[in-house]
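Numbering (my numbering), first residue to last: 75 to 221.
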């Protein structure tokens, strides 16, 4: 299937333990890559790559479609800062979005933003995507990701 579909999520910061981040990407052919880098207590980077089924990709597309994130705009969202950065890129058919904002600590951060409705959609979609990816990783590997 040559469907035009791609999802990438990144969250990270640079602090006293170096560049710590979590990142995953999923492509239309089912290739999913996951990386989690934490230098806390001298941890090593976790990298995993798997191929997921068309059914899993279809469910991911449904989650994204139901969230209606493709209608949002990040121009009023908080800029990335010393606290960290979150990035979400989605290509679905002819649609392409690329969001960048600061790390969101809680719904209070969302409510106090200039675009609480749009940022709330982003916040909940990211939670759903992380749960989805962590579940797929746990199904394939016996690791416990750090969120």
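Just so it is clear, CB atoms sit at the ideal spot from N, CA and C, and this is done for glycine as well.
Look at the alpha carbon of residue 143 and the alpha carbon of residue 192, and state the distance between them as a whole number of angstroms. About 8 Å.
Classify residue 213: buried if its beta carbon has 16 or more other beta carbons within 10 angstroms, exposed otherwise. When all chains shown are included, residue 213 counts as exposed.
Can you tell me the Cβ-Cβ gap for residue 206 and residue 138, rounded? I've got them flagged as a contact below 8 Å. Rounded, the Cβ-Cβ distance is 10 Å, inconsistent with contact.
Could you tell me whether the region 94–107 touches the region 119–138, using the rule of 3 or more Cβ pairs below 8 Å? Yes: at least three Cβ pairs fall under 8 Å.
Cross-strand partners of residue 172 (DSSP beta bridge): Beta-bridge pairing links residue 172 to 163.
Rounded separation between residue 92 and residue 185 - CA only: C-alpha of residue 92 to C-alpha of residue 185: approximately 30 Å in a straight line.
Along the chain, where does the alpha helix (DSSP H) containing residue 192 start, and where does it finish? For residue 192, the uninterrupted alpha helix (DSSP H) run begins and ends at 190–214, by DSSP.
If you follow the beta strand (DSSP E) that residue 158 is in, where does it begin and where does it stop? Residue 158 -> no beta strand (DSSP E), and no H or E assigned at all.
Give the DSSP-derived three-state secondary structure of residue 129 in the structure shown. In this structure, residue 129 counts as helix in the three-state DSSP scheme.
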